[in-house]
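Per this note's numbering: the sequence shown ends with 366, consecutive numbering throughout.
Glycine included, C-beta positions come from ideal geometry on N, C-alpha and C.
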Amino acid sequence: MCALSYFQDEIENDPLLWFQALDEHCNRIFGPDSILPSDKIDDGDGESRVLPIYPGSGGGKRREQYGNTAFWLKHHRVIPLNNLQDISAPLSVAVAEIPQGYKDWATQYLMGETVRIAIIHFADGSYPIINYSTPQLFVCNDLSDEAIRLEKALECISAAKSEGAHILVMPELTITPAIRLKITNKLDLLNEKEGENHALSVPVIVLGSFHEQVEMGLRNHAEAILGLDGTHLFGCDKRRAVTFNNCREGLECASTPLTCLLTPLGLMAMAICKDMFDGKPAAALSSLSPDWLLVPSMSEKLSPHRAAAKQLHDTGGTVVAVANQEMPGIEDYDPGFVHHEKREDCTTDMAFITVARKDNHLRRIK
C-alpha cells in the first residue's frame with residue numbers, strides 16, 4: 001500500500017510519468033527488430049513508413065515532429081511518403097529493402113567499421129551520341145563505343161572488388177540499358193560459376209544512367225544493383241533537366257518514385273546530377289535526410305553539388321558520393337568527390353575514399 005501510495009504521489013507530481021512508462025512499454029513490444037519497411041503509420045496528414053535504425057547509421061541527425069509520430073521518431077526512422085514538409089507539391093516516395101535471400105550476404109560486407117567508396121570517371125574515349133532532331137531539345141541515343149565502355153566498366157568493378165570497395169558509383173549518361181543488362185548477366189554467370197565471392201562482387205554498384213524510352217516517355221534512369229548476381233536494388237529517374245548547347249534535355253517522364261533503400265548502412269538514396277541541388281527533388285532529399293546519397297553526374301562544374309553536399313551533411317548527417325563525367329566535347333573535368341566529415345575530392349579516374357562508420361548524434365533541427 002505504501003509503495004502504491006508513493007507511486008501515486010509520483011504520478012501526481014509528474015503526470016508525464018504515465019506517458020513515459022507507456023512509451024517505454026510500447027518500445028519493448030514494438031522494438032526496431034519488429035519493424036519492417038512495409039509497416040506504415042498515418043498521422044492524419046498522410047502515410048509514413050516506419051524503419052528500424054541500424055547501429056552505426058544513427059538514422060540521420062534530423063529529429064522532427066511529423067504530425068503525431070513523436071514516439072516513432074524516438075525509436076525509429078520515420079519516412080513521410082506523401083506529406084514531405086516544405087514542399088507544396090510533394091514527390092511520391094518509396095522505400096525499398098534488400099531482397100529476401102540477399103540480406104545475409106549484404107550484411108556480412110556492410111557491417112564493418114569503415115565503408116570504402118569507389119568513384120568512377122570514364123577516360124575510355126567513348127561518349128554519348130547526342131540527337132538534336134527536336135527543336136530546342138537534346139536526347140542521348142547511344143554511346144560512340146558500347147563495347148569499350150562495357151569492357152572499362154567491368155574492369156572498374158573488378159578493381160573496386162580488389163580494393164575492398166563496398167559502394168561503387170558510375171557517372172551520368174555513361175551506362176546504356178544494353179550495357180546494364182550485359183553487366184547484370186555477367187554478374188549472374190560469375191555467381192553461378194565461381195560463388196558469392198567472385199571477382200566482381202562489390203556489394204552496391206550504381207550503374208550510372210542513360211536516356212531510355214519507357215511507356216510514359218523518355219527518362220534519364222540509373223539503377224543500383226547487388227554485385228553478387230546483378231539483382232536490382234532500387235532505381236532513380238532524373239527530374240530536373242539540364243541545358244547543353246542551348247538545348248534542353250528532352251526528359252518526358254520520371255516514372256520511378258523517389259526511392260530510398262534500407263540497408264545495414266542506414267538509409268540510402270540516389271539523385272542524378274541537378275536533382276541533388278535544384279527544385280523539388282533537392283527539397284525532398286533534404287526532408288528525408290538519408291544516411292547516404294549516391295549521385296551520378298555529368299557537369300562542367302561541381303560547385304553547386306559541393307554546396308548541396310555540405311548542406312546535406314551539416315543538417316542531416318548525409319554522406320554524399322558524386323561521380324562526374326564531363327559533357328561531350330569538354331576537355332577539362334572534375335571526376336567527383338565524397339563529402340563525409342570532410343570533403344575529399346577525386347583526382348584520378350578511379351578514386352577510393354574510406355568513410356568511418358559511427359552513430360550520428362541525433363539532434364533536433366527546427
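query, result
"Other residues of its chain near Asp-14: CB distance less than 7 Å, five sequence neighbours each side excluded", "none"
"Per-residue burial, Ser-92 [other beta carbons within 10 Å of its own, 16 or more giving buried]", "exposed"
"Backbone CA spacing between Pro-203 and Ser-133 [nearest angstrom]", "40 Å"
"Length of the line joining the Cα atoms of Val-319 and Val-338", "7 Å"
"Assigned secondary structure, Arg-306 (DSSP; H/G/I helix, E/B strand, else coil)", "helix"
"Within 7 Å, strictly: CB atoms of Ser-201 and Gly-227", "yes"
"Counted within 10 angstroms of its Cβ, other Cβ atoms place Leu-189 as buried (16 or more) or exposed", "exposed"
"Cβ pair count under 8 Å reaching 3, the region 303–314 against the region 250–270", "no"
"Nearest-angstrom beta carbon gap, Pro-296 and Cys-260 [assumed within contact, 8 Å]", "Not a contact, Cβ separation roughly 16 Å."
"Three-state class that DSSP yields for Ser-201 in the structure shown", "coil"
"Simplified DSSP state of Asp-359, which is helix, strand or coil", "Note on Asp-359: pLDDT 48, under 50, position unreliable in the model; no value is reported."
"Pick from His-340, Gly-336, Ala-356, Arg-343 that is closest to Ile-119, judged by C-alpha positions", "Gly-336"
"Per-residue DSSP class, three states only, for Asp-229", "coil"
"Counted within 10 angstroms of its Cβ, other Cβ atoms place Ala-356 as buried (16 or more) or exposed", "exposed"
"Reference Ile-225, options Ser-209, Pro-328, Leu-81, Asp-124, closest by Cα", "Ser-209"
"Whether Cys-247 touches Gln-325 by CB criterion (7 Å)", "no"
"Closest residue to Lys-193 among Leu-181, Met-170, Asp-229 (Cα-Cα distance)", "Asp-229"
"The region 142–154 contacting the region 166–182, beta-carbon criterion three pairs below 8 Å", "yes"
"Leu-367 in three-state terms, based on DSSP", "This structure cannot speak to residue 367, because the chain is shown only from 1 to 366."
"Which of helix, strand or coil DSSP assigns to Thr-318", "coil"
"Sequence-distant residues of the same chain with beta carbon closer than 6 Å to Arg-239, five excluded per side", "Ala-254, Asp-275, Pro-281"
"Sub-7 Å separation of His-221 and Glu-212 beta-carbons", "yes"
"Ala-241 beta carbon near the ligand FMN (any heavy atom closer than 6 Å)", "The ligand FMN is not part of the structure shown, which contains no ligands of any sort."
"Closest Cα partner of His-232 within the set Leu-181, Arg-219, Ala-199, Ala-241", "Leu-181"
"Cβ pair Ile-205, Leu-154 closer than 7 Å", "no"
"Where the beta strand (DSSP E) through Glu-194 begins and ends", "No beta strand (DSSP E) contains Glu-194, which is instead part of the alpha helix (DSSP H) from 177–194."
"Span separating the alpha-carbon of Leu-207 from that of Glu-223", "6 Å"
"Thr-347 burial status per 10 Å Cβ neighbour count (16 or more: buried)", "exposed"
"In DSSP terms, what Asn-220 is bridged to", "His-211"
"Through-space distance from Cys-156 to Glu-47, alpha-carbon basis", "41 Å"
"Own chain residues within Cβ distance below 7 Å of Thr-184, not counting five before or after", "Ile-225, Gly-230"
"Cβ neighbour criterion (16 or more within 10 Å) applied to Leu-293", "buried"
"Buried or exposed (CB count within 10 angstroms, at least 16 for buried), Gly-316", "buried"
"Local Cβ density within 10 Å of Met-350, reported as buried at 16 or more and exposed below that", "buried"
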